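The block underneath contains the structure these notes are about, expressed in structure tokens.
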Amino acid sequence: MSRRTVRLGAGAGFAGDRIDPAVDLARRGELDYLIFECLGERTVAAAQSRRLADPASGYDPLLEARLLAVLPYAAEAGTTVVTNSGAANPVAAGELAARIAARSGLASRVAVVTGDDVLDTVRRADPVVWETGQRLSACQDELISANAYLGSQPVAAALAQGADVVLTGRLADPALYLGPLRYRHGWGETEWDSLGAGTVTGHLLECAGQLTGGYFADPGTKPVPGMARLGFPFADVAADGTAVLGKLPGTGGRLDIRTCAEQLLYEVDDPTAYLTPDVTADFSRVTFTQTDADQVLVEGAGGRPRPEDLKVTLGFRGGWTGEGQIGYAGPRALDRAKLAGDIVRERLVAVHGVDETAIRVEYIGAGALFRGLVSDVDPVEVRLRVSARVADAELADAIGWEVESLYTNGPAGGGGAARHLREVVAVRSCLLPRNSVRPDVHLLEG
Amino acid sequence: MILDDIADVRAGDKGDTLMLAVFPRDGAAFDALESRLSPELVACHFGSAVTGGVTRTVLPGLPAFVFRVPGVLGGGVTGSTALDGHGKTLGYYLLTLSIPD
Chain A
1 MSRRTVRLGA
11 GAGFAGDRID
21 PAVDLARRGE
31 LDYLIFECLG
41 ERTVAAAQSR
51 RLADPASGYD
61 PLLEARLLAV
71 LPYAAEAGTT
81 VVTNSGAANP
91 VAAGELAARI
101 AARSGLASRV
111 AVVTGDDVLD
121 TVRRADPVVW
131 ETGQRLSACQ
141 DELISANAYL
151 GSQPVAAALA
161 QGADVVLTGR
171 LADPALYLGP
181 LRYRHGWGET
191 EWDSLGAGTV
201 TGHLLECAGQ
211 LTGGYFADPG
221 TKPVPGMARL
231 GFPFADVAAD
241 GTAVLGKLPG
251 TGGRLDIRTC
261 AEQLLYEVDD
271 PTAYLTPDVT
281 ADFSRVTFTQ
291 TDADQVLVEG
301 AGGRPRPEDL
311 KVTLGFRGGW
321 TGEGQIGYAG
331 PRALDRAKLA
341 GDIVRERLVA
351 VHGVDETAIR
361 VEYIGAGALF
371 RGLVSDVDPV
381 EVRLRVSARV
391 ADAELADAIG
401 WEVESLYTNG
411 PAGGGGAARH
421 LREVVAVRSC
431 LLPRNSVRPD
441 VHLLEG
Chain B
1 MILDDIADVR
11 AGDKGDTLML
21 AVFPRDGAAF
31 DALESRLSPE
41 LVACHFGSAV
51 TGGVTRTVLP
61 GLPAFVFRVP
71 GVLGGGVTGS
81 TALDGHGKTL
91 GYYLLTLSIP
101 D
């Protein structure tokens with residue numbers, strides 16, 4: 001077992017994340033591993049939809065830009081890159097990574113983790129879908145994808161085979177970080193406290209800038225300096241699982257026990273039992289200690305045996321969403337917006353035959369984000385937003401068209417109309433027995 | 001006094017369940033909220049949008065509270081046509097809650 005600490009850097013916290021903070025980490029972070037978490041529930045289903053349209057696509061569109069930017073520095077520093085940017089097509093992503101490495105003159109070994117695509121398996125197993133409470137076969141919608149959350153084991157296996165770049169599809173986010181820790185510290189698959197501690201570190205780092213002041217900043221109560229050059233975090237993780245979090249000198253942001261506490265509990269349902277494919281992690285006794293400026297010690301995480309089943313994200317064709325917006329300002333702005341909303345609603349039903357219950361009318365600037373939970377205010381300006389999910393693209397396009405037509409047919413002073421159309425991939429979840437999911441690791445030569 | 005005077009909130013989502021982590025800014029705020037910020041009060045603030053029992057987990061070590069508010073997101077990010085399907089902005093709605101004396 002390694003006595004030294006392993007340094008993990010957070011290169012991205014979501015598919016659309018900034019690239020320059022990762023380049024900074026790759027250049028001067030002295031990292032062992034640089035990790036890009038680029039896959040949300042919705043992202044993997046959307047990627048599956050793209051792959052159905054074009055079999056060569058389906059990986060993260062920003063993957064090429066990220067690798068081109070960081071690979072030369074990572075290679076120079078001996079840093080291994082791990083990412084779930086493979087999304088719906090990790091093999092194509094791996095081949096792209098190998099081409100980029102070859103073009104840059106780097107002798108990088110690229111590993112691809114597959115096995116998360118369980119479409120055939122769920123069709124055979126016909127599990128109960130959480131959201132409907134019924135078996136998958138009872139579902140009317142067209143199933144287009146099923147991806148199981150893999151754990152850290154295949155990442156650790158890829159690293160043991162000498163990979164310099166690891167591309168995966170659907171993998172539990174903290175497992176991207178736990179994989180390198182398992183490999184370097186030799187943690188066994190039943191060392192629950194170590195796996196729990198590594199999962200906590202992964203969970204803290206997986207949203208990148210959210211640990212260093214992003215999604216935290218509030219000029220009134222939570223000031224964060226230098227957010228335009230927000231530094232992404234890294235962690236030095238010891239063999240016992242304790243971690244010291246830090247960020248590079250000269251970068252913006254703040255890293256302290258308040259930013260850490262907020263990120264620890266972000267999107268956490270039960271802090272005593274955070275379920276992952278690797279471990280049931282216990283966040284409830286985690287403590288943070290400020291050890292220096294922008295440096296925090298994390299201790300106290302625990303773990304219990306992992307769940308026997310793996311969570312699967314199911315993607316269904318869910319029709320189309322159409323949307324239109326137009327703005328009103330000045331005296332009676334909200335009254336005029338409401339008149340406009342009523343007009344659009346009436347016409348969508350009467351002229352286009354849209355089901356009235358599918359139509360959502362919102363007044364941005366007058367409580368739309370709070371979903372009607374606050375009473376009307378009298379805003380300086382308000383933006384009408386009408387959206388609806390319908391079966392086909394043509395009908396969805398009518399939503400925005402009707403809003404746009406308010407220019408000459410609606411209340412006075414409407415301006416700045418915009419319309420938008422997108423295909424919906426509806427995401428639901430189910431479980432599969434662990435032994436019916438078989439991760440695999442392929443090594444490509446760059 | 002409203003919650004915004006003594007605490008921070010971070011919102012997160014799991015499907016159509018809203019998770020709200022509340023962070024008192026000091027020990028006195030933690031004590032006050034432990035006795036006064038009940039799951040019932042949070043449920044009442046979100047009104048009829050809540051479809052099940054609101055739960056509270058107390059984490060004295062951080063210190064923090066986690067509230068689980070089911071149903072509020074009405075289908076969640078892929079099922080809802082709402083402007084903020086994640087409900088990320090709803091943490092600031094909780095901050096408007098009046099804390100009883």
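These protein sequence lines are chains A and B, in that order. One point on numbering: in full-length UniProt numbering, the residue at position 179 of the first sequence is 179, and numbering is uninterrupted. One point on numbering: in full-length UniProt numbering, the residue at position 84 of the second sequence is 84, and numbering is uninterrupted. For each residue, glycine too, the CB sits at the ideal point set by N, CA and C. Please read all numbers here as calculations on a predicted model, not as lab measurements.
Outcome for residue i when other beta-carbon atoms lying within 10 angstroms are tallied against a minimum of 16
i        : result
B:Met1   : exposed
A:Arg4   : exposed
A:Asn409 : exposed
A:Ala393 : exposed
A:Cys207 : buried
A:Pro174 : buried
A:Met1   : With a pLDDT of only 49 at A:Met1, under the threshold of 50, the placement of this residue in the model should not be trusted, and no figure is reported.
A:Leu221 : According to the sequence shown, residue 221 of chain A is Thr rather than Leu. Answer is exposed; the Cβ neighbour count stays below 16.
B:Asp101 : exposed
A:Gly213 : buried
B:Asp5   : exposed
A:Gly353 : exposed
A:Ala368 : buried
A:Val200 : buried
A:Ser375 : exposed
Nonlocal neighbours in the same chain, by C-beta distance under 7 Å from residue i, ignoring five residues either side
i        : result
A:Leu67  : Ala97 and Ile100
A:Leu34  : Gly9, Gly11, Ala22, Leu25, Ala26, Val70, Ala74, Thr79 and Val81
A:Ala158 : Ala111, Val113, Val166 and Val441
Distance between residue j and residue i (C-alpha atoms, nearest Å)
i                      : j        : result
A:Asp292               : B:Arg68  : 34 Å
A:Leu176               : B:Ser48  : 39 Å
A:Ala93                : B:Leu33  : 49 Å
A:Arg434               : A:Gly188 : 18 Å
B:Gly85                : A:Ala301 : 31 Å
A:Lys326               : A:Gly416 : Reading off the sequence, residue 326 of chain A comes out as Ile, not Lys. When rounded, the distance between both Cα atoms is 6 Å.
A:Tyr59                : A:Leu39  : 10 Å
A:Val268               : A:Tyr274 : 7 Å
B:Gly12                : A:Ala281 : 18 Å
A:Gln134               : A:Ala426 : 16 Å
B:Met19                : A:His203 : 16 Å
A:Ala53                : A:Asp294 : 46 Å
residue 465 of chain A : A:Leu178 : Coverage of chain A is limited to positions 1 through 446, which leaves residue 465 of chain A absent and any answer about it impossible.
B:Gly91                : B:Arg10  : 6 Å
A:Val112               : B:Ala28  : 52 Å
A:Pro127               : B:Ile99  : 45 Å
A:Leu297               : A:Gln290 : 6 Å
A:Ala391               : B:Thr81  : 14 Å
B:Val50                : B:Pro70  : 6 Å
A:Glu423               : A:Gly318 : 7 Å
A:Ala160               : A:Pro180 : 9 Å
residue 481 of chain A : A:Arg124 : Outside the shown range of chain A, which is 1 to 446, sits residue 481 of chain A, and nothing can be said about it.
A:Arg184               : A:Ala87  : 25 Å
A:Ala47                : A:Thr251 : 33 Å
Cβ shell of residue i (< 6 Å), same chain only, five flanking positions each side left out
i        : result
A:Leu171 : Asn84 and Leu150
A:Ala340 : Leu384, Leu406, Gly410 and Pro411
A:Asp164 : Thr80, Ser108 and Arg109
B:His45  : Leu97
B:Val22  : Ala7, Val9 and Phe65
A:Arg336 : Tyr328 and Pro411
Check: residue i C-beta below 7 Å from any heavy atom of the ligand MG
i       : result
B:Arg68 : Among the components of this structure there are no ligands whatsoever, and the ligand MG is therefore not found.
Within chain D, partners of residue i - CB distance below 8 Å
i        : result
A:Val268 : The structure shown has no chain D; the protein chains it does contain are A and B.
8 Å CB neighbourhood of residue i in its chain, flanking five on each side removed
i                      : result
residue 467 of chain A : Nothing can be reported for residue 467 of chain A: it is not among the residues displayed for chain A, which extend from 1 to 446.
A:Val118               : Ala146, Asn147, Ala148, Val312, Leu432, Ser436 and Val437
A:Glu381               : Gly327, Tyr328, Ala329, Gly330, Ala333 and Gly365
B:Phe30                : Pro24, Pro60 and Pro63
3 or more residues per run - each beta strand (DSSP E) lying fully within the UniProt domain "AtuA-like ferredoxin-fold" (2 to 99) of chain B
Whole beta strand (DSSP E) segments, 3+ residues: 7 to 14, 17 to 24, 55 to 59 and 64 to 70.
Interface positions of the stretch 332 to 364 of chain A facing chain B (Cβ-Cβ less than 7 Å), listed along the chain:
Listed by position, the residues of the stretch 332 to 364 of chain A near chain B (Cβ gap below 7 Å) are Arg360, Glu362 and Ile364.
At a Cβ cut of 9 Å, what residues of the stretch 369 to 397 of chain A count as close to chain B, listed as they run along the chain?
Listed in sequence order: Leu369, Phe370, Arg371, Gly372, Leu373, Val374, Arg385, Ser387, Ala388 and Arg389.
Residues, ordered as in the chain, of the stretch 221 to 235 of chain A that lie near chain B by beta-carbon distance below 9 Å
The residues in question are Thr221 and Lys222.
Can you pull out the residues from the stretch 94 to 126 of chain A whose beta carbon lies closer than 7 Å to at least one beta carbon of chain B?
For the stretch 94 to 126 of chain A, which is checked against every Cβ of chain B, not one residue is closer than 7 Å.
Below 9 Å between beta carbons is the criterion; list the residues of the stretch 270 to 291 of chain A that meet it against any residue of chain B, in chain order.
Listed in sequence order: Asp270, Pro271, Thr272, Phe283, Ser284, Arg285, Val286, Thr287 and Phe288.
Which residues of the stretch 288 to 322 of chain A have a Cβ closer than 8 Å to any Cβ of chain B? Give them in chain order.
Listed by position along the chain: Phe288, Gly300, Gly318 and Thr321.
To be precise: take each residue of the stretch 20 to 43 of chain B, compare its Cβ to all Cβ atoms of chain A, and keep it if any distance is under 7 Å. Which residues remain?
Correct list: Ala21 and Phe23.
Residue ranges of each alpha helix (DSSP H) within the stretch 252 to 334 of chain A, 4 or longer
Runs of the alpha helix (DSSP H) inside the stretch 252 to 334 of chain A: 257 to 264.
Which of the residues in the stretch 203 to 220 of chain A, read from start to end, lie with their CB under 7 Å from any CB of chain B?
Within the stretch 203 to 220 of chain A, no residue has its Cβ closer than 7 Å to any Cβ of chain B.
Which full runs of the alpha helix (DSSP H) of 4+ residues lie inside the stretch 5 to 91 of chain A, going along the chain?
Note on the stretch 5 to 91 of chain A: whole alpha helix (DSSP H) runs with a minimum of 4 residues are 20 to 28, 41 to 53 and 63 to 77, in chain order.
If the cut-off is 8 Å on Cβ atoms, which residues from the stretch 24 to 43 of chain A count as contacting chain B, listed in chain order?
Listed by position, the residues of the stretch 24 to 43 of chain A near chain B (Cβ gap below 8 Å) are Glu41 and Arg42.
Output, in sequence order along the chain, the residues in the stretch 132 to 155 of chain A whose CB is closer than 7 Å to any CB in chain B.
Result list empty, no residue passes.
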